[in-house]
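Visitor: Structure below; questions to follow.
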Amino acid sequence: MTDMLEGFEFSDSDVMWNPEEWKKEEAPGLENENIDEEDFLDCLEPSKKSMTIFFLIDTSGSMKGTKIGTVNGTMEELLPELVEVGGNNADISIAALRYATTVTWITKEGPVPVKDYQIWPRQPAGGTTVMGAAFKELNHKLSRKEFMNKPSLSYAPVIFLMSDGVPSDDWQEGLNLLKQNSWYKYGLKIAVGIGSNPNMDVLREFTGRDELAIRAHGAKELRELIEFLVITSSKIGSQSMTLTDEGKELTEEDVAGGKEEQLVEAVKKDIMGEVDKSQDQVDFDAGW
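In the numbering used here, the protein residues as written are 565 to 852.
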């Protein structure tokens, strides 16, 4: 009796094969090699997608004092919490940029796996607010030739913007350029305005959704917002979404829109009207 498989015929005797005979007959010389008896596929780690969280941090002069101190302290506490966020779905990396009079990548060599980036370099504050230049630099790095060059498949990034003031350059030109970038288009975008003077109209245009541009009035609120928004958006961003309930395959636009709606709903449920401003609240503008 024979079995047929794609045009090739195998006899019953062929079904049972001996690895030792294969080593001797099919690969001469391997009989002296130390070959693991386990299937080599069992030794390979399961393939994961990657996802990068981009931080654009305002370090201009108006951030001096409590504001930049709160940002630095929160980032120190946040990094360990991000290690497990991707779970079995994604390897999470961090890319951080500071903008003031100039734009500088804190992660100079590109995105760093968060498990390997557990010491936050505390950032100083000083200078103006070249947000438009920061947008242009982000656009340059959101490319397969630059920061998005990992060989594995990638989820769209999470992009987190912080600012406490008004851009000192042409932010609209930079943002218009960024809006043409597909990584930006399909990524989750969140912005936090700090204190009483951020230009919230700019931040809302950056996110594309009013609900995802949120103001922090004091230190406690800022700390809570950064932690909640980064963790939540990272969990949502690293989820696989391929099919609708009806079994229809989702497009990139569908996935991006679906994840954005999940984030908006989380913000509405857990942030809007829920942040406690009554206890241990430090007014950023007091004494300024």
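Glycine included, C-beta positions come from ideal geometry on N, C-alpha and C.
I need the DSSP call for Met805, collapsed to helix, strand or coil.
Guide: Numbered from 1 along the sequence shown, position 241 holds the residue referred to as residue 805. Looking at Met805 - three-state DSSP - the assignment turns out to be coil, as it is neither helix nor strand.
Visitor: Helix, strand or coil for Leu786, going by three-state DSSP, please let me know.
Guide: Residue 786 sits at position 222 when you count from the first residue of the sequence shown. Looking at Leu786 - three-state DSSP - the assignment turns out to be helix.
Visitor: If you compare alpha carbons, which of Glu816, Lys799, Ala830 and Val831 is closest to Glu648?
Guide: Within the sequence shown, the letter at position 84 stands for residue 648. When each option's Cα is compared against that of Glu648, the closest is Lys799.
Visitor: Thinking C-alpha only, which one of Pro675, Met695, Phe724 and Asn745 is nearest Phe711?
Guide: On the sequence shown, residue 711 is found 147 positions in, with the first residue counted as 1. Checking every option, the nearest Cα to that of Phe711 belongs to Pro675.
Visitor: Of all the beta strand (DSSP E) runs that stay within the bounds of the segment 658 to 714, which reach a length of 3 or more residues?
Guide: Listed in chain order, they are 667 to 669.
Visitor: State buried or exposed for Gly801, treating a residue as buried only when at least 16 other CB atoms are found within 10 Å of its CB.
Guide: Indexing the sequence shown from 1 puts residue 801 at position 237. Result: buried.
Visitor: For Val667, tell me which candidate among Thr623, Val678 and Glu816 has the shortest Cα-Cα distance.
Guide: Mapped onto the sequence shown, residue 667 falls at position 103. The shortest C-alpha separation from Val667 is found at Thr623.
Visitor: Using DSSP with H/G/I as helix, E/B as strand and the rest coil, what is Phe604?
Guide: Counting from one through the sequence shown, the residue named residue 604 turns up at place 40. Confidence at Phe604 is low in this model, with a pLDDT of 29, below 50, so the placement of that residue should be treated as unreliable; the coordinate-derived value is given next. Reduced to three states, the DSSP call for Phe604 is helix.
Visitor: Three-state secondary structure (DSSP) at Glu813?
Guide: Within the sequence shown, residue 813 is the residue found at index 249, counting from 1. Reduced to three states, the DSSP call for Glu813 is strand.
Visitor: Assign Lys833 to one of two classes, buried (16 or more other C-beta atoms within 10 Å of its C-beta) or exposed (fewer than that).
Guide: As a position in the sequence shown, residue 833 is number 269, starting the count at 1. When all chains shown are included, Lys833 counts as exposed.
Visitor: Work out the CA separation of Ser626 and Ala780 for me, nearest whole Å.
Guide: Position 216 of the sequence shown, counted from the first residue, corresponds to residue 780. Position 62 of the sequence shown, counted from the first residue, corresponds to residue 626. Going from the Cα of Ala780 to the Cα of Ser626 covers about 15 Å.
Visitor: Determine, using beta-carbon pairs with one atom in the segment 753 to 762 and one in the segment 682 to 695, whether at least three such pairs fall under 8 Å.
Guide: No, because fewer than three Cβ pairs between the segment 753 to 762 and the segment 682 to 695 fall closer than 8 Å, the two stretches do not touch.
Visitor: Report the three-state DSSP secondary structure of Val637 (helix, strand or coil).
Guide: Numbered from 1 along the sequence shown, position 73 holds the residue referred to as residue 637. The question names Val, yet the displayed sequence has Gly at residue 637. Helix, per DSSP.
Visitor: Let me know the secondary structure DSSP gives Ser614 once reduced to three states.
Guide: As a working note, residue 614 is residue 50 in the sequence shown. Ser614: strand per DSSP, three-state reduction.
Visitor: Expressed to the nearest angstrom, what Euclidean distance is found between the alpha-carbon atoms of Lys714 and Ile790?
Guide: Here residue 714 corresponds to residue number 150 of the sequence shown, with the count starting at 1. Here residue 790 corresponds to residue number 226 of the sequence shown, with the count starting at 1. Using only the alpha carbons, I get a separation of about 27 Å.
Visitor: Would you kindly check if the distance between the Cβ of Ser797 and the Cβ of Leu725 is under 8 Å?
Guide: Against the sequence shown, residue 725 aligns to sequence position 161. Against the sequence shown, residue 797 aligns to sequence position 233. Cβ atoms of Leu725 and Ser797: not closer than 8 Å.
Visitor: Determine the direct distance from the alpha carbon of Gly696 to that of Glu737, and round the result to whole angstroms.
Guide: In the sequence shown, residue 737 corresponds to position 173, counting from 1. In the sequence shown, residue 696 corresponds to position 132, counting from 1. Using only the alpha carbons, I get a separation of about 7 Å.
Visitor: Less than 8 Å between the C-beta atoms of Ile632 and Leu646, yes or no?
Guide: Here residue 632 is taken as the residue at index 68 of the sequence shown, counted from 1. Here residue 646 is taken as the residue at index 82 of the sequence shown, counted from 1. Not a contact, by the Cβ cut-off of 8 Å.
Visitor: With DSSP as the reference, identify every bridge partner of Arg768, one or two as the case may be.
Guide: For the purposes of this step, residue 768 is taken as the residue at position 204 of the sequence shown. BP columns for Arg768 are empty, so no partner.
Visitor: Based on the DSSP secondary-structure assignment, which residues constitute the bridge partners of Gly757?
Guide: In the sequence shown, counting from the first residue as 1, residue 757 sits at position 193. Ser727 and Arg779, per the DSSP bridge assignment.
Visitor: Leaving aside the five residues before and after Ile835 along the sequence, list all residues of the same chain whose C-beta is less than 6 Å from its C-beta, in chain order.
Guide: Counting from one through the sequence shown, the residue named residue 835 turns up at place 271. Counting only Cβ-Cβ distances below 6 Å, and skipping sequence neighbours, we find nothing.
Visitor: Is Ser718 helix, strand or coil by DSSP?
Guide: Here residue 718 refers to the residue found at position 154 when the sequence shown is read from its first residue. Residue state, collapsed to three classes: strand.
Visitor: Using 10 angstroms around the beta-carbon of Leu854, count the other beta-carbons present and answer buried if the total reaches 16, otherwise exposed.
Guide: With the chain running from 565 to 852 in the structure shown, residue 854 is simply not present.
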